[in-house]
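Student:
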Ligand SMILES: Nc1ncnc2c1ncn2[C@@H]1O[C@H](COP(=O)(O)OP(=O)(O)OP(=O)(O)O)[C@@H](O)[C@H]1O
Ligand SMILES: O=C(O)C1=C[C@@H](O)[C@@H](O)[C@H](O)C1
Ligand SMILES: [Mg+2]
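Laid out in structure tokens, this is it:
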């Protein structure tokens, strides 16, 4: 199991790993974009560990995300999320898939930008809705019109996610294909950055 659709050239894996160095590859984006699903595959493809901030929050609190929202409210959840991500960012390289709201926190965003390499998995409302409507595990969508709520979050958050180092479009194709695109994009980014640096020196 390579995590991608097997089309990834070994050179791309090496180049992507070199780009990261000891940094974490941090997935950001809205609920349903595929941060957890694709992140796990990219970690397998790069042969580095995978961590998911929502899962880590659930592990340390011994409560589910909906239970945390219900018992303590969103502000407490956000404070815990920021603490957990700060800790997770100290060890690398690994793939860190964050919860949808994590990168919206200014301090977390600054930390991710400073100490990690961030990828925004961007998806259209229809794709997101198709995925999140299958499960009711997202407390922010427990509203009268969850699709409209998701649309509003998209409007508010997309300009913020855009600060990520790289954007990859998450579409209605198998997650293995998106994982392969992420690795190819990382390698392309590394090569472009290197070319720019060499041009500056010339
Ligand atoms: N490219 C894809 N093709 C098909 N299904 C996908 C794809 N990416 C993700 N999915 C599915 O969509 C659902 C949501 O994906 P996932 O949980 O990875 O989203 P997320 O970005 O981590 O969301 P959250 O912010 O809520 O944690 C999952 O059931 C996952 O298997
Ligand atoms: O987009 C969000 O704000 C959230 C996304 C999920 O990953 C969870 O972290 C939680 O449901 C909140
Ligand atoms: Mg997730």
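In the working numbering, the protein residues as written are 2 to 203. In this text, a Cβ means the ideal position worked out from N, Cα and C, and glycines have one as well.
(1) Looking at C-alpha atoms only, which residue of 47, 144, 62, 159 is the closest neighbour of residue 82?
(2) Is residue 98 near ligand 3, with its Cβ less than 8 Å from a heavy atom?
(3) Excluding sequence positions up to five away, which residues of its chain have a Cβ less than 8 Å from the Cβ of residue 110?
(4) Given a threshold of 16 other Cβ atoms within 10 Å of its Cβ, counted over all protein chains shown, does residue 86 qualify as buried or as exposed?
(5) Can residue 46 be considered in contact with ligand 1, in the sense that its beta carbon sits closer than 8 Å to one or more heavy atoms?
(6) To the nearest angstrom, report how far apart residue 71 and residue 93 are at their CA atoms.
(7) What are the boundary residues of the beta strand (DSSP E) that includes residue 87?
(8) Taking all protein chains shown into account, do 16 or more other C-beta atoms lie within 10 angstroms of the C-beta of residue 19, making it buried, or fewer, making it exposed?
(9) On the DSSP letters alone, give me the boundaries of the alpha helix (DSSP H) that residue 129 sits inside.
(10) Output yes or no for whether 9 Å exceeds the beta carbon distance between residue 138 and residue 66.
(11) Would you kindly work out how many angstroms separate the C-alpha atoms of residue 202 and residue 31, rounded to a whole number?
(12) Below 6 Å CB to CB, which residues in the same chain sit around residue 98 once its five sequence neighbours on both sides are set aside?
(13) Is residue 37 near ligand 3, with its Cβ less than 8 Å from a heavy atom?
(14) Is residue 137 near ligand 3, in the sense that its beta carbon is under 8 Å from a heavy atom of that ligand?
(15) Taking C-alpha atoms, which residue in 127, 166, 177 lies nearest to residue 149?
(16) With a threshold of 6 Å on Cβ separation, who are the neighbours of residue 187 within its own chain once the five nearest residues in sequence on each side are excluded?
(17) What does the alpha-carbon distance come out to for the pair residue 170 and residue 47?
(18) Ligand 2 heavy atoms versus the CB of residue 32: any closer than 8 Å?
(19) With C-beta atoms as the reference, is residue 124 less than 9 Å away from residue 181?
(20) Can you tell me the Cα-Cα spacing of residue 2 and residue 145, whole angstroms?
(21) Starting from residue 123, trace the beta strand (DSSP E) in both directions and tell me its first and last residue.
Tutor: This is what the structure holds:
(1) For the purposes of this step, residue 82 is taken as the residue at position 81 of the chain shown. Nearest option by C-alpha distance: 62.
(2) Residue numbering aside, residue 98 sits at position 97 when the chain shown is read from its first letter. Checking the Cβ of residue 98 against ligand 3 gives yes.
(3) Along the chain shown, read from residue 1 onward, the residue named residue 110 stands at position 109. Closer than 8 Å at Cβ, skipping near neighbours: 104, 161, 164.
(4) By one-based count along the chain shown, residue 86 stands at place 85. Answer is buried; the Cβ neighbour count reaches 16.
(5) Numbered from its first residue, the chain shown carries residue 46 at position 45. Residue 46 Cβ: outside cutoff for every heavy atom of ligand 1.
(6) Within the chain shown, residue 71 is the residue found at index 70, counting from 1. Within the chain shown, residue 93 is the residue found at index 92, counting from 1. Just so you know, the alpha carbons of residue 71 and residue 93 end up roughly 32 Å apart.
(7) Here the question's residue 87 lines up with position 86 in the chain shown. Element bounds for residue 87: not the beta strand (DSSP E) but the alpha helix (DSSP H), 75-89.
(8) Taking the chain shown and counting its residues from 1, one reaches residue 19 at position 18. Here residue 19 is exposed, its C-beta having fewer than 16 other C-beta atoms within 10 Å.
(9) Reading the chain shown from its first residue, position 128 is the one you call residue 129. Residues 126-133.
(10) Locating residue 138 in the chain shown gives position 137, counting from the first residue. Locating residue 66 in the chain shown gives position 65, counting from the first residue. Cβ atoms of residue 138 and residue 66: closer than 9 Å.
(11) Working through the chain shown from its first residue, we reach residue 202 at position 201. Working through the chain shown from its first residue, we reach residue 31 at position 30. So the alpha carbons of these two residues sit roughly 39 Å apart.
(12) Here residue 98 refers to the residue found at position 97 when the chain shown is read from its first residue. Excluding positions up to five away in sequence, the list reads 28, 36, 37, 40, 53.
(13) The sequence position of residue 37 within the chain shown is 36, counting from 1. Yes, Cβ of residue 37 sits closer than 8 Å to a heavy atom of ligand 3.
(14) On the chain shown, position 136 is the one that residue 137 refers to. No, since every heavy atom of ligand 3 falls outside the 8 Å radius drawn around the Cβ of residue 137.
(15) Taking the first residue of the chain shown as position 1, residue 149 is located at position 148. Ranking the options by Cα distance to residue 149, first place goes to 127.
(16) The residue you call residue 187 lines up with position 186 of the chain shown. If we look at residue 187 and ignore the five residues flanking it on each side, its Cβ neighbours are 17, 20.
(17) Taking the first residue of the chain shown as 1, we reach residue 170 at position 169. Taking the first residue of the chain shown as 1, we reach residue 47 at position 46. If you take the alpha carbons of residue 170 and residue 47, they lie about 20 Å apart.
(18) Counting from one through the chain shown, the residue named residue 32 turns up at place 31. At least one heavy atom of ligand 2 is nearer than 8 Å to the Cβ of residue 32, so yes.
(19) Residue numbering aside, residue 124 sits at position 123 when the chain shown is read from its first letter. Residue numbering aside, residue 181 sits at position 180 when the chain shown is read from its first letter. Cβ distance not < 9 Å, so residue 124 and residue 181 don't count as in contact.
(20) Translated into the one-based positions of the chain shown, residue 2 becomes position 1. Translated into the one-based positions of the chain shown, residue 145 becomes position 144. Note that residue 2 has pLDDT 44, beneath the 50 cutoff, so the model's placement of it is unreliable and no number is given.
(21) For the purposes of this step, residue 123 is identified with residue 122 of the chain shown, where counting begins at 1. Per DSSP, residue 123 belongs to the beta strand (DSSP E) from 117-123.
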